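Student: Pasting a structure here, questions to come.
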Amino acid sequence: MRIKIEFPVKEAVALPVNYNYYLTGVIYNFLRQSDRDYASSLHQEGYQEQEKRFKLFTFSQLTCFVSFPV
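Under the working numbering, the sequence shown has 106 at position 35, and the numbering climbs by one with no breaks.
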């Protein structure tokens, strides 16, 4: 699954180095709004393969586009 998140900002924003942690929270929140049981299962258990459990989130770097009023 691929999720694209866009948000407008009106002034400079400083992001923490571990911004992926916060993005994970946003994704879990969106999932919880659509399917509370699935979101809870994914957060608490993840996917199990043999004896290991995985929480399969992968992030690309954030891309920032700057536009100026004309």
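Glycine residues also receive a C-beta, built at the ideal position from the N, C-alpha and C atoms. Since the structure is predicted, the reported quantities are computational estimates derived from the model, not experimental observations.
Using CA coordinates, which residue listed in 82, 89, 79 is at the minimum distance from residue 147?
Tutor: Look at the range of the chain in this structure, 72 to 141, and you will see that residue 147 is not part of it.
Student: Residue 104 by DSSP, collapsed to three states: which one?
Tutor: In this structure, residue 104 counts as helix in the three-state DSSP scheme.
Student: Do the segment 78-95 and the segment 116-133 make contact, defined as three or more Cβ pairs closer than 8 Å?
Tutor: Touching, per the Cβ criterion.
Student: Have a look at the DSSP bridge pairing and note the partners of residue 90.
Tutor: For residue 90, which the question treats as bridged, DSSP gives no partner whatsoever.
Student: Taking only the alpha-carbon atoms, compute the straight-line gap between residue 86 and residue 77 and give it to the nearest angstrom.
Tutor: Cα to Cα, the separation comes out at about 15 Å.
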